[in-house]
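Undergrad: Dumping the structure here so I can ask a few things about it.
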DNA sequence: TACAAAATGAGAATGGTTATTAACTGAATG
DNA sequence: CATTCAGTTAATAACCATTCTCATTTTGTA
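Chains as they are written, first to last, in our numbering: chain A, 394 to 531; chain B, 394 to 531.
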């Protein structure tokens, strides 16, 4: 039960009411790709009235602590991924939907050289697909 | 000289003053990753007074016509890539800078299956790097 | 030149995100 | 158990990139 508390403490974050609630909401539902707005709505719906500002703060704090990862695939909105393990994304353009691809499925070969004074952070792959268009004629 | 005019006509776009100017600005300087604001500034600096609204319209029209490609790597701003050939990106986090990686350099293996009713649009790879932190001690 | 359709520009409107600041809480201390 | 205070939160204002609106201008064609 205090799992979330420990999680937060280990991340150097005080387990406040709001942070605990948001963490439960985020991490107890499997891997997800969420926007701040969605998290806020879900929190309110779950009778955890949190301000939108706090949702933003918390999401960024969680990201800095390595509990979340920011994903930029499309558009101007920011999404957060609760899956911080090595993986990639399948993006369905016409549905605006993102699906995880486990990291061990795909392989990236022939990486370019990285200068000595730099270090690799991560390799992100987005496989973009869309539904085939109806071929009305023929 | 009429290269840009032909380019625009072939894309189904009338070669208006603004579109011609912006096209020259975008495509005669090698491959670039630009924001609407930057294009607007450059246009004004080049004595081609274009409104910001027109810059946005034009960038989207060019994108639809396949002359540009939208790239979403980081942050809330939209960037457009003048390189529409097959290639990937190297992103230097601490400089907020994007560099092209030619498409034939890297290879992505073991792609996941794509359902029959869907088609692959593109595979985007972002190699994220950062400068090594100064190790003040030791 | 005249005309209809397309394009443009100025500024208002929108929407997501960040900043501000006063009130509140958690947890350590006496 | 009360006190204290750094850390946290909430309401709302500010911000910024982008989109919308629509009157005006330009373009291609006759």
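Backbone N, C-alpha and C fix where the C-beta goes; we use that ideal spot for every residue, glycine too. Computed from a predicted model, the values in this text were never measured in an experiment.
Along chain A, in chain order, which residues have C-beta atoms closer than 7 Å to that of residue 515(B)?
TA: Near residue 515(B) (Cβ distances below 7 Å), the residues of chain A are 521.
Undergrad: Between which two residues does the alpha helix (DSSP H) containing residue 414(A) stretch?
TA: 410-420 is the span of the alpha helix (DSSP H), which, as asked, contains residue 414(A).
Undergrad: Identify, in the order they occur along the chain, each residue of the same chain with its Cβ nearer than 6 Å to the Cβ of residue 426(A), setting aside the five sequence neighbours on each side.
TA: 472, 474, 491.
Undergrad: With distances taken from CA atoms, which of 525(A), 431(A), 478(A), 444(A) is nearest residue 487(A)?
TA: The shortest Cα separation from residue 487(A) among 525(A), 431(A), 478(A), 444(A) belongs to 525(A).
Undergrad: Sorted by chain position, which residues of the same chain lie with C-beta nearer than 7 Å to residue 480(A)'s C-beta, five sequence neighbours on each side aside?
TA: Here the set comprises 493, 494, 495, 496.
Undergrad: Under 7 Å between C-beta atoms, does residue 505(B) make it to chain A?
TA: Chain A, which has a Cβ nearer than 7 Å to the Cβ of residue 505(B), makes this yes.
Undergrad: Just curious, the beta strand (DSSP E) that residue 502(B) is in, first and last residue?
TA: Counting along the chain, the beta strand (DSSP E) containing residue 502(B) begins and ends at 500-502.
Undergrad: Please determine if the segment 402-419 of chain B and the segment 449-463 of chain B are in contact, where contact requires at least 3 C-beta pairs separated by less than 8 Å.
TA: Yes, the segment 402-419 of chain B is in contact with the segment 449-463 of chain B.
Undergrad: Can you tell me where the beta strand (DSSP E) holding residue 517(B) begins and where it ends?
TA: Per DSSP, residue 517(B) belongs to the beta strand (DSSP E) from 511-524.
Undergrad: What whole-angstrom Cβ distance do residue 404(B) and residue 458(B) have, given they're in contact under 8 Å?
TA: Right, their Cβ atoms sit about 4 Å apart.
Undergrad: Does residue 429(B) get closer than 7 Å to chain A when you measure Cβ to Cβ?
TA: Chain A, which has no Cβ nearer than 7 Å to the Cβ of residue 429(B), makes this no.
Undergrad: Do residue 464(A) and residue 522(B) count as a contact pair if the criterion is CB distance below 7 Å?
TA: Result no, Cβ atoms of residue 522(B) and residue 464(A) do not sit closer than 7 Å.
Undergrad: So, helix, strand or coil for residue 445(A), using DSSP?
TA: It is helical.
Undergrad: Is it right to say residue 516(B) is buried, meaning 16 or more other beta carbons lie within 10 angstroms of its own, or is it exposed?
TA: Buried, by the Cβ-count rule.
Undergrad: Report the option in 489(B), 483(B), 499(B), 462(B) whose CA atom is closest to the CA atom of residue 519(B).
TA: Considering only alpha carbons, the answer is 483(B).
Undergrad: Just reading off the alpha helix (DSSP H) that residue 435(A) is part of, what are its end residues?
TA: Per DSSP, residue 435(A) belongs to the alpha helix (DSSP H) from 429-438.
Undergrad: Give me the subset of the segment 486-504 of chain A whose CB atoms are less than 8 Å from a CB atom of chain B, sorted by chain position.
TA: Listed by position along the chain: 486, 494, 498, 499, 500, 501, 502, 503, 504.
Undergrad: What span of residues does the alpha helix (DSSP H) with residue 487(A) cover, start to end?
TA: Neither: residue 487(A) is in no alpha helix (DSSP H) and is coded neither H nor E.
Undergrad: Take the Cβ of residue 429(B) as the centre, count every other Cβ of all protein chains shown within 10 Å, and call the residue buried at 16 or more, exposed below.
TA: Result: buried.
Undergrad: Which word fits residue 439(B), buried or exposed, when buried means at least 16 other C-beta atoms lie within 10 angstroms of its C-beta?
TA: So residue 439(B) ends up on the exposed side.
Undergrad: Quick one, are the C-beta atoms of residue 489(A) and residue 503(B) less than 7 Å apart?
TA: No. Outside cutoff.
Undergrad: Nearest chain B C-beta to residue 480(A) closer than 7 Å, yes or no?
TA: It does not; no Cβ of chain B falls within 7 Å.
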